[in-house]
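These notes are about the structure you will find just below.
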Amino acid sequence: MSEGRFRQRVLSTVRRIPIGRVATYGDIARLAGRPRAARAVGNIMRDCRARDVPCHRVIAAGGAIGGYSDLPVKRALLRAEGLIVTSTRVKDFARKRWPERRKRR
DNA sequence: TATATGACAGCAT
DNA sequence: CATGCTGCCATAT
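The following block contains the structure:
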């Protein structure tokens, strides 16, 4: 099956994104221990067939929708979770982003 | 061991 | 706001 230690860490991280919340590829990379591997995360999401992995909750930087095998479906899934999604971005992204950002000291 | 491949990010234009 | 380019990286060949 799937190889790649990083891959496993990415999948388990994505599995923890709560319903109605989103995270960027970069966020996942960081949480998975490789802050600059956002692009690699995208490659991993590309195969995302596992149903228990909410890959639709992984979007691009700044709240942009990002990629998906079928964008209309991605928008529908996000909307179904209560998010407001325009053709290109998730509205109110800062507040829907997961996990909560640490306040600066 | 080397090269190719992107559901990216950030900056420049 | 849209394009394009560079840096970065795990994976597959």
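Our numbering puts the first residue of the first sequence at 4, with every later residue one more than the last.
Cβ coordinates follow ideal geometry from the N, Cα and C atoms, glycine included.
Residue i - containing alpha helix (DSSP H), residue span
i	result
Pro102	It is not in any alpha helix (DSSP H) - Pro102 carries neither H nor E in the DSSP assignment.
Lys77	74-83
Arg10	8-18
For residue i, the three-state DSSP class (helix, strand or coil)
i	result
Ile47	helix
Ala40	coil
Arg33	helix
Ala64	helix
Ala53	coil
Cβ shell of residue i (< 8 Å), same chain only, five flanking positions each side left out
i	result
Val88	Ile68, Arg78, Leu81, Arg82, Lys94
Residues near residue i in its chain [Cβ-Cβ closer than 7 Å; skip 5 each side]
i	result
Ile31	Val13, Thr16, Val17, Val44, Val61
Asp55	Arg18
Whole-Å CB distance - residue i paired with residue j, under 8 Å assumed
i	j	result
Arg26	Arg100	Position check: residue 26 holds Ala in this sequence, whereas Arg was assumed. About 7 Å separates the two Cβ atoms, so the contact holds.
Gly66	Arg92	5 Å
Glu103	Ile22	Actually they are not in contact, since the Cβ atoms of Glu103 and Ile22 sit about 16 Å apart, beyond 8 Å.
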